[in-house]
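These notes are about the structure you will find just below.
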Amino acid sequence: MADTVAGLHRHQAPAPSARLRISAYTATSAAGCGNAATLSSLRSRTSGLSRNNFGSQPVDTYIGRVNGLQDEPLPQHLKQWDCRNNRLAWLGLNQDEFISAVEAARQRHGATRVAIVLGTSTSSIGATEEAYRSLDNAGRFPQHLLNPLIHTPHSTGDFLRHALSLDGICVTVGTACSSSAKVFAQGERLLRSGLADAVVVGGVDSLCDSVLFGFNSLELVSRERCRPFDVARDGINLGEAAGFALIERALLEPDGTVPVLLGYGESSDAFHMSSPHPQGVGARSAIADCLARAGLSADAVNYVNLHGTASRKNDEIEAKVINELFSPNTLASSTKGWTGHTLGAAGIVEAVITLLALQHSFAPGTLNTTQLEPGCPQLRTDNTDASLRTGMSLSFAFGGSNCALLFGRDA
Amino acid sequence: MSATTAYIEGVGIWSERLPGWDMARRIFCAEIAAPAEACKRPSPDILPPNERRRAPDTVAIALAVGSEACAHAQREPCTLPSVFASTHGDLAITDYMCETLASTPELLSPIRFHNSVHNAAAGYWAIATGSMRPYTAISADRYSFGNGLLEALVQAQSDHESVLLVAYDIAARGPLANVVSTTGRLGCALVLGCQRTPKSRYALQWQMRETGQQRKSTPSTEPDHLETASTESASLVAGNAMAPALPMFEAIACSPRRIVCPIGPNLHLELALSPVNEGSC
Chain V
68 MADTVAGLHR
78 HQAPAPSARL
88 RISAYTATSA
98 AGCGNAATLS
108 SLRSRTSGLS
118 RNNFGSQPVD
128 TYIGRVNGLQ
138 DEPLPQHLKQ
148 WDCRNNRLAW
158 LGLNQDEFIS
168 AVEAARQRHG
178 ATRVAIVLGT
188 STSSIGATEE
198 AYRSLDNAGR
208 FPQHLLNPLI
218 HTPHSTGDFL
228 RHALSLDGIC
238 VTVGTACSSS
248 AKVFAQGERL
258 LRSGLADAVV
268 VGGVDSLCDS
278 VLFGFNSLEL
288 VSRERCRPFD
298 VARDGINLGE
308 AAGFALIERA
318 LLEPDGTVPV
328 LLGYGESSDA
338 FHMSSPHPQG
348 VGARSAIADC
358 LARAGLSADA
368 VNYVNLHGTA
378 SRKNDEIEAK
388 VINELFSPNT
398 LASSTKGWTG
408 HTLGAAGIVE
418 AVITLLALQH
428 SFAPGTLNTT
438 QLEPGCPQLR
448 TDNTDASLRT
458 GMSLSFAFGG
468 SNCALLFGRD
478 A
Chain X
320 MSATTAYIEG
330 VGIWSERLPG
340 WDMARRIFCA
350 EIAAPAEACK
360 RPSPDILPPN
370 ERRRAPDTVA
380 IALAVGSEAC
390 AHAQREPCTL
400 PSVFASTHGD
410 LAITDYMCET
420 LASTPELLSP
430 IRFHNSVHNA
440 AAGYWAIATG
450 SMRPYTAISA
460 DRYSFGNGLL
470 EALVQAQSDH
480 ESVLLVAYDI
490 AARGPLANVV
500 STTGRLGCAL
510 VLGCQRTPKS
520 RYALQWQMRE
530 TGQQRKSTPS
540 TEPDHLETAS
550 TESASLVAGN
560 AMAPALPMFE
570 AIACSPRRIV
580 CPIGPNLHLE
590 LALSPVNEGS
600 C
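Line order of the protein sequences matches chains V and X. Those letters in the first sequence? Residues 68 to 478, by our numbering. Those letters in the second sequence? Residues 320 to 600, by our numbering.
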């Protein structure tokens, strides 16, 4: 299939994705620690958003905060990596028997054959911010923060390698809000190339001043609970989350119980550092690339978990793209009213929500929204009970980096 | 697994005393001496003039070496997917952000904020070249070059096309410089193809190998054995976090051979370089 979107400069069809099974998955966010709590919040339409109480002079907004992290230091053998981001990673790892699933994969394949591809936007920068707030008289970091392990973008990737006792490829993807969607693409390539037999993909991003004051400086945060795709939406809420999935090559004889990654698509807007392309050209090509790799048409997509940040521009452009590309029968929603925008962790959190939707036969709606953006019949505010065979998750980022993922029920 | 062959189509490099591939390769081969004084930061000509002046160092250097490698490969930049690797991202912006957040957070610059993302250089590259092809931006502590190279090789192999690799790091600034050790400015780039074409300059056989030691229980801060660059060239970029890239570029310049590029405490890439067209590099 040749690309039909103008300006893509691709000379050939994308290589088909290898069919990959998702052997285990989990997400921890303000909507709940682990899959059962997340599912329960989604079903009961309970938002995890609360008034911003983060830091000494909080920005006037709502946030999706994971409570209790400040009181839960890492266990002794991992304390060298102690910081908010790695505590959140540890909390996330300890849900849904994820560590046991990785341990089983390590036993099956060997420690050097299990890779880690971790997405994050700001990683452990919160620890660096803290150090700058508490410099000594000579302008140096205080002793307890004088630790290079928590002042580098790869901090959480390195932490995971030790926490999971793995020796395979270990790399951090930092493409802002598409980071932990793109980890599935990179993981798929490692499996297809035979460089790994299993890959722990995931994303961890924690609240910090950089993003709260940063998005505030761009006038992108809402003072209210965010209302994705509402005609009166006025900005985003920031959140924090950790999520992981264990991906392996699909069994030749699928047993019908394990979900699969059917395809992924990636593209760039080539437009602006912090504004999406006005016609959504990059979003369209990521979706087209994903469907081409999966060998499916848009009509085969039952549910789309949208990027839906509740910013004026993103939602307007995304709604247009969805309406033009998908069948009116496709269900589409943004779940950021539950979690907030978890930035580098948004890709994995929303991938996990999409997997939960497939597993439990229901499409979450859109929370806090009363009047939907017109012209996009796919958008839903209410939850819908429906047997779903396929679900897509969309992630778009600063720097114009876009990623689409397509999941299916194995059968 | 058996070795895979990729092809180096183009090369770019910039450091204060390695200003561009043409000079750098002659410096590596001891044909000329390195400039005694540090050279001025390269001008990223592909950016509009107002953007060019205010571009952060990481962006200016990444765009300059990416452009050089594409021109060397005679590839249109907008046709190539790309992999951007940096150990620490733009540490000058990190220092600015943390300092401002500690003193006057409400005055944080929105432009510096959006330039603080790890994919800023990749994003500016896409905007400047009009490339809608995917890019990624990765980091892997002191294995950042090795993992960037690996991801570019994997993309070239699995999607059967040429891929641009750009790797860069700059000096740490402010209080962070006491904790994060990287100095100077270094950027380097390769265009890597998956099949032999008239654009191929070197064949690059690559294979991932286990280094044969058990996972270290200690954090990965102490150096392991690296394939070291020759002393004189190494001193030109010594201390920069992307210095592990240097042996690859030295080998391309003057002595195509086998080299080892670490990608983790227990894994490395075994690389065998051989010329495709004599004298074309």
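C-beta atoms are modelled at their ideal positions from N, C-alpha and C, and glycine is treated no differently. Every value quoted in this text rests on a predicted model; they were computed, and no experiment measured them.
Nearest-angstrom beta carbon gap, residue j and residue i [assumed within contact, 8 Å]
i	j	result
S341/V	H437/X	S341/V to H437/X, Cβ: 15 Å. No contact.
G339/X	C507/X	In fact, because the Cβ distance is near 11 Å, the residues do not count as touching under 8 Å.
V402/X	E470/X	5 Å
T93/V	G101/V	6 Å
G487/X	M561/X	According to the sequence displayed, residue 487/X carries Tyr and not Gly. Confirmed, about 6 Å.
E84/V	E255/V	One detail in the question is off: residue 84/V reads as Ser in this sequence, not Glu. About 6 Å; that satisfies the 8 Å criterion.
Cβ shell of residue i (< 7 Å), same chain only, five flanking positions each side left out
i	result
T448/X	I365, P396, C397
W333/X	G339, P361, I380, A383, V384, G506
L455/V	N369, Y370, A424, L425, S428, A430
Simplified DSSP assignment, three categories, for residue i
i	result
F463/V	strand
L469/V	Just to set this straight, residue 469/V is Asn in the shown sequence, not Leu. N469/V: strand per DSSP, three-state reduction.
S334/X	strand
H437/X	coil
P363/X	coil
D543/X	Low confidence applies to D543/X: its pLDDT is 40, below 50, so where it sits in the model is not reliable, and the reading given next is rough at best. It is coil, neither helix nor strand.
Q438/V	coil
R316/V	strand
Q346/V	coil
H391/X	helix
M527/X	strand
G96/V	In the sequence on display, residue 96/V carries Ser and not Gly. DSSP places S96/V in strand when its eight states are reduced to three.
S277/V	helix
P220/V	coil
Y454/X	strand
C507/X	strand
Y462/X	coil
D409/X	coil
Residue i: contacting residues in chain X (beta-carbon distance under 9 Å)
i	result
K249/V	P453, T455
E196/V	M416, C417, L420, A421
Neighbour-count burial assignment, residue i, 16 or more Cβ in a 10 Å radius
i	result
E333/V	buried
I578/X	buried
K249/V	buried
P81/V	buried
V298/V	exposed
R259/V	buried
G583/X	buried
I430/X	exposed
H211/V	exposed
L213/V	exposed
T419/X	buried
K518/X	buried
R110/V	exposed
Same chain, Cβ closer than 6 Å to residue i, neighbours up to 5 away in sequence not counted
i	result
A322/X	Q524, Q526
P354/X	R336
A440/X	T377, V378, A381, F403
R173/V	V181
T179/V	D234, G235
Where residue i meets chain V, residues with beta-carbon distance less than 7 Å
i	result
Q474/X	R256
T324/X	Here the premise fails: no neighbours, minimum Cβ distance about 14 Å.
D460/X	T219, H221, D225
L427/X	F280, G281, S284
Contacts that residue i makes with chain V (C-beta to C-beta distance below 9 Å)
i	result
I446/X	S335, D336, A337, F338, H339, M340, G466, G467
N559/X	Those do not exist, as N559/X stays about 15 Å from chain V at its closest Cβ, beyond 9 Å.
Beta-carbon neighbours of residue i, restricted to chain V and to distances below 8 Å
i	result
I582/X	I236
Contacts of residue i in chain X (Cβ-Cβ under 8 Å)
i	result
H218/V	L495, V498, V499
R207/V	P494, N497
V348/V	M451
A82/V	S477, D478, H479
V240/V	T455, A456, I457
T179/V	E529, N585, L586
D276/V	L420, P424
S524/V	Since the first residue of chain V shown is 68 and the last is 478, residue 524/V is not available in this structure.
Other residues of its chain near residue i: CB distance less than 8 Å, five sequence neighbours each side excluded
i	result
L495/X	L410, T413, D414, C417
P220/V	T187, S190, T239, G241
N304/V	L116, T128, Y129, I130, G131, V288, S289, R292, C293, A377, K403, G407, H408
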